[in-house]
Amino acid sequence: YLDNLAIQISGWTNALPDMVISHLFGKEEIHSNHDLIHTYRQHITNDMNQTNLHLFVNSYNSRRDLEIERPVPGISVVTLQCPVLLVVGDSSPAVDAVVECNSKLDPTRTTLLKMADCGGLPQVSQPAKLAEAFKYFVQGMGYMPSASMTRLMRSRTASGSSITSLEGQRSRSHTGEGTRSRSHTGEGTRSRSHTGDGARNRSHTDTRIELTPNSASNTEQSSPKSMEVSC
1 YLDNLAIQIS
11 GWTNALPDMV
21 ISHLFGKEEI
31 HSNHDLIHTY
41 RQHITNDMNQ
51 TNLHLFVNSY
61 NSRRDLEIER
71 PVPGISVVTL
81 QCPVLLVVGD
91 SSPAVDAVVE
101 CNSKLDPTRT
111 TLLKMADCGG
121 LPQVSQPAKL
131 AEAFKYFVQG
141 MGYMPSASMT
151 RLMRSRTASG
161 SSITSLEGQR
171 SRSHTGEGTR
181 SRSHTGEGTR
191 SRSHTGDGAR
201 NRSHTDTRIE
211 LTPNSASNTE
221 QSSPKSMEVS
231 C
């Protein structure tokens, strides 16, 4: 009996790391990221209390269904009444279970976040993005309204502001060029008008010049001696 118990415990000890790793990581991540899997296997085997780990695995395997349903207007169903944030990595083995859970919750109170390039431990592989998602989720409930933006969001905002300012400067420069061109056009119009005035002045001068011989002829006819003295 003791030998069988020892074999059973040994089998549990050898199987527990594989069970935990298959729960935390997807198949693709297990086959591709060998260093990470080896590190977690060593941590599970050497650093964790195996009795507590065994109790945890048994508790997880014997868990019951929540028996929740998506609420329907006019029908009373069992569902979660609080805001819910569901987070899962896109390569996690729990994707299907999380999506199914999301389908049974109130869509007006539930947020599903599927994180890209992330396995079963988004808090390890993408901690900054996960913290940012938590912050926005809490802000959506009306808390932490004065929380500062992350460096990524500030850089995006700054780049957008710089682009906007550059566009504004370009538009103002184009407006200034248009104003200068219109001013030059106005000056050209005024110069043409002055030229026209000059032409009219010359025409008036020509008229007076043309009238001078006539007046001279009249003077010559009236007093010919004076004209002779003048010559």
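For the sequence shown, UniProt numbering gives the first residue as 1, with consecutive numbering after it.
Glycine is no exception: its CB is placed at the ideal position from the N, C-alpha and C atoms.
| Item | Value |
| --- | --- |
| Could you round the C-beta distance between Ala116 and Asp90 to whole angstroms and report it? I think they count as a contact, below 8 Å. | 5 Å |
| Quick check: Leu113 and Ala133, are their CB atoms within less than 7 Å of each other? | yes |
| Pairing CB atoms from the stretch 118–129 with CB atoms from the stretch 22–35, are three or more of them under 8 Å? | yes |
| DSSP has Gly89 in a bridge; who is on the other side? | Met115 |
| Taking its Cβ as the centre, do 16 or more other Cβ atoms sit within 10 Å of Val77, making it buried, or is it exposed? | exposed |
| So the alpha helix (DSSP H) Thr120 belongs to, where does it begin and stop? | For clarity, residue 120 is Gly in the given sequence; the question names Thr instead. Neither: Gly120 is in no alpha helix (DSSP H) and is coded neither H nor E. |
| For residue 259, collect the residues of the same chain with a Cβ closer than 8 Å to its Cβ; drop the 5 residues on either side in sequence, then sort them by chain order. | Shown here, the chain extends from 1 to 231; a query on residue 259 therefore has no answer. |
| According to DSSP, is Val98 helix, strand or coil? | helix |
| May I ask you to report which of helix, strand or coil DSSP gives Thr108? | coil |
| What number of angstroms, rounded off, separates the C-alpha of Glu100 from the C-alpha of Asn46? | 35 Å |
| Can Val72 and Val88 be called in contact, C-beta distance under 7 Å? | no |
| Taking Gln42 as the reference, give the member of Ser32, Asp18, Asp65, Tyr60 with the closest Cα. | Asp18 |
| Would you say Thr108 and Leu85 are within 7 Å of each other, going by their C-beta atoms? | no |
| Taking the continuous alpha helix (DSSP H) assigned at Pro127, which residues delimit it? | 127–140 |
| Nearest CA to the CA of Val124: which residue from Leu36, Ile30, Ser32, Val20? | Leu36 |
| Determine the burial state of Met141: buried for a count of at least 16 other Cβ atoms within 10 Å of its Cβ, exposed for fewer. | exposed |
| Which residues mark the beginning and the end of the alpha helix (DSSP H) in which Tyr143 is found? | Here Tyr143 belongs to no alpha helix (DSSP H), and DSSP marks it neither H nor E. |
| Just mark Gln139 as buried or exposed, buried being the case when its beta carbon has 16 or more other beta carbons within 10 Å. | exposed |
| Please list, in chain order, all residues of the same chain as Thr79 whose beta carbon is under 8 Å from its beta carbon, the five residues on each side excluded. | Ile68, Glu69, Arg70, Pro71, Lys104, Leu105, Asp106 |
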